[in-house]
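Notes to accompany the following structure.
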Amino acid sequence: MIPYHPDSLDDYSQQSDNAINSDENRPDKPEEACGVFGIYAPGEDVAKLTYFGLYALQHRGQESAGIATFEGTKVHLHKDMGLVSQVFNETVLQELPGNLAVGHTRYSTTGSSRKVNAQPAVVETSLGSLALAHNGNLVNTVELREQLLKNKCNLVTTTDSEMIAFAIAEEVNAGANWLDATMEACRRCQGAFSLVIGTPDGVMGVRDPNGIRPLVIGLLAGEPDRYVLASETCGLDIIGAEYVRDVQPGELVWINEEGLTSIQWHQQTQRKLCIFEMIYFARPDSLMHDETLYSYRMRLGRRLAAESLVEADLVFGVPDSGIPAAIGFSQASGIAYGEGLIKNRYVGRTFIQPTQSMRESGLRMKLNPLKDVLVGKRVVIVDDSIVRGTTSRKLVKTLREAGAAEVHMRISSPPVTHPCFYGIDTDTQDQLIAATKSVEEIAKQLEVDTLAYLSWEGMLETTREDTNSFCSACFTGDYPVAIPEQVKRSKLILEKVVV
Ligand code: SF4
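Take the UniProt record's numbering: the final residue in the sequence shown is number 499, and no numbers are missing along the way.
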């Protein structure tokens with residue numbers, strides 16, 4: 001759900017040009033854009049259940065959160081900047097009564113970090129209000145915006161999500177029912193979209209024809225059936241809902257008092273789940289392809305060890321996301337697993353600039369080395385990915401200063417060479433270290449003794465699924481949904497774009 005800036009497509013590439021979002025403060029990782037949640041459960045405290053669902057999905061977006069509930073035709077909405085636990089309290093939740101709810105938690109880059117862009121987006125129609133929560137990113141926003149403005153649509157925010165909500169409203173106002181209106185609006189959209197949409201009559205869950213972003217269905221115990229939608233299964237677990245299945249690519253599910261109805265709204269579908277969800281974004285305790293991502297990530301580590309073994313005394317992961325792969329690496333290599341870095345788990349993103357001396361001391365605010373464990377050791381440090389390389393470099397320096405004799409870095413995914421256009425903030429191509437440097441050059445820049453990435457085949461084969469059923473465009477540039485040239489220009493700075 002990257003914001004659309006009407007005046008300049010280049011704003012896509014300028015999102016990082018901000019003092020707050022400076023390199024010191026920006027995580028050196030791709031950032032997930034959103035988590036969505038929906039529930040139809042008359043008689044339950046739907047606002048509170050949605051709150052906890054969002055609480056479990058907090059890793060998918062930490063800058064704003066919102067919940068819309070429907071009490072008959074009346075919609076109640078609360079959204080604000082901040083973490084889920086900061087935006088909501090008991091009093092606020094009590095003011096959100098209803099039979100059904102839609103929730104959203106959002107990451108946005110700084111330029112768009114405004115309350116008005118928080119979701120759900122609520123739009124009035126001739127059938128009543130609709131509240132829409134979106135995970136993903138459209139690639140045809142220019143075209144869609146032009147259509148909507150031509151039809152005198154009063155767009156309030158700068159987000160593609162609001163455009164989808166208005167497109168549905170247009171179809172409703174032209175006489176369509178909720179389902180036909182949503183399907184028609186989705187046909188006007190290109191890109192990645194997992195949607196949860198609340199209406200006075202029920203909740204819809206929709207996935208784009210490629211299923212790029214995840215969306216799962218759960219069921220609360222008891223009668224009658226009360227269905228839940230969430231970006232990941234961890235959003236179901238927290239409220240005791242049982243995982244039923246994924247919403248399929250190109251499918252719309254309609255949940256109301258009669259239960260769940262499935263409609264295939266798009267016939268030409270393919271499976272192109274974002275592989276980065278499996279490697280890094282989604283929580284390790286979430287299920288994808290019938291196993292936890294912890295298990296997949298551990299296998300990635302085993303494969304990594306098989307592909308790039310090195311003699312060493314100790315292996316550890318960069319907390320927390322590198323840990324499962326480090327355990328797998330240790331299992332396959334026989335090198336002892338331990339901890340080399342301790343993470344301060346109580347810090348979030350800071351908006352206070354560190355002092356110069358703190359900046360020089362690198363990462364210590366978040367990660368602190370265990371000096372007596374590291375001293376004199378040949379260590380293998382495992383991470384899930386390298387984006388810009390700034391954090392990795394500081395990390396290596398920290399380990400050496402702590403006394404490590406050799407530092408070998410192993411990455412449980414291939415080099416990230418291309419930006420994402422489907423809802424993940426991976427910077428522009430010129431910011432990606434692997435887009436311009438060879439592995440040897442990166443190793444030199446990071447000052448490691450050796451560096452190895454997992455192969456692209458290794459990453460996909462380790463899924464144990466059809467290797468064609470994933471988007472891996474940020475490793476290959478092979479985008480499953482064509483990117484319009486003017487959008488490409490904004491991020492593919494190194495590649496010659498034909499206009
Ligand atoms: S380009 Fe990369 S981050 Fe974006 S959807 Fe594809 S695999 Fe995921």
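Yeah, the Cβ is synthetic: ideal placement off N, Cα and C, and Gly gets one too.
- Here the C-alpha atom of His-418 lies approximately 30 Å from the C-alpha atom of Met-365.
- Segment contact: the region 202-219 against the region 263-274, three or more CB-CB distances shorter than 8 Å; contact assigned.
- Every alpha helix (DSSP H) of 4 residues or more that sits fully in the region 147-204 is shown, in chain order, as 160-173 and 178-187.
- According to DSSP, residue pairing for Ile-411 in a beta bridge involves Asp-383 and Tyr-453.
- With contacts defined as CB atoms closer than 9 Å, Leu-451 and Arg-410 qualify as a contacting pair.
- With a cutoff of 8 Å, Pro-30 counts as near ligand 1, since its C-beta is closer than that to a heavy atom of the ligand.
- No residue range can be given for Gln-119, since it is assigned to no alpha helix (DSSP H) and is classified by DSSP as neither H nor E.
- Looking at the backbone, the Cα of Asn-117 and that of Thr-159 are separated by about 7 Å.
- If one requires a minimum length of 3 residues, the beta strand (DSSP E) runs lying completely within the region 397-446 are 406-411, in chain order.
- Relative to the non-hydrogen atoms of ligand 1, the Cβ of Cys-474 comes within a distance shorter than 8 Å of at least one.
- Here Ala-185 is not near Ile-217, since their CB atoms are 9 Å or more apart.
- Here the alpha carbons of Gly-103 and Glu-71 stand approximately 15 Å from one another.
- Relative to ligand 1, the nearest heavy atom lies less than 8 Å away from the CB of Ile-275.
- By the neighbour-count criterion, in which 16 or more other beta carbons inside 10 Å mark a residue as buried, Val-375 falls on the exposed side.
- Shortest gap from the CB of Gly-259 to any heavy atom of ligand 1: 8 Å or more.
- Ranked by Cα distance from Val-203, the options Glu-401, Asp-246 and Leu-100 are led by Leu-100.
- The DSSP-derived three-state label of Gly-136 is strand.
- Under the 10 Å beta carbon count, Val-156 is surrounded by fewer than 16 other beta carbons and is classified as exposed.
- Spanning the alpha carbons of Thr-398 and Pro-369 requires a straight line of approximately 7 Å.
- The way I'd put it, the region 120-135 does touch the region 190-205; three or more beta-carbon pairs between them come closer than 8 Å.
- When DSSP assignments are scanned along the region 29-75, the uninterrupted stretches of beta strand (DSSP E) that are 3 or more residues long and fall wholly within it turn out to be 34-40 and 64-71.
- For Val-122 and Thr-69, the gap between their C-alpha atoms comes out near 11 Å.
- Residue pairing for Ala-101: DSSP places it in a beta bridge opposite Ile-39 and Thr-69.
- Boundaries for Glu-485: no beta strand (DSSP E) harbours it, while the alpha helix (DSSP H) harbouring it runs 485-491, taken from the DSSP string.
- In the DSSP annotation of this structure, the continuous segment of the beta strand (DSSP E) that includes Leu-314 starts and ends at 314-317.
- Straight through space, the alpha carbons of Gln-58 and Glu-170 are spaced by roughly 32 Å.
- Pairwise C-beta distances place the region 234-249 out of contact with the region 429-447, as fewer than three of them are shorter than 8 Å.
- Beyond the five residues adjoining it in sequence on each side, Ala-56 comes within less than 6 Å, by CB distance, of Cys-234, Gly-235 and Ile-238 in the same chain, given in chain order.
- Pairing Lys-488 with Leu-395, the inter-Cα distance amounts to about 33 Å.
- For the options Glu-465, Gly-423 and Thr-125, the alpha carbon positioned closest to that of Leu-138 is the one of Gly-423.
- DSSP, read as helix, strand or coil, puts Ser-85 in helix.
- Rounded to the nearest whole angstrom, the C-alpha separation of Gly-328 and Arg-297 is 8 Å.
- Looking at Ala-65, Lys-48, Pro-42 and Glu-44, the one whose alpha-carbon comes closest to that of Val-36 is Ala-65.
- Excluding the 5 residues flanking it on each side, Ala-326 has same chain C-beta neighbours closer than 7 Å at Gly-301, Val-315, Phe-316, Gly-317, Tyr-337 and Val-382, in chain order.
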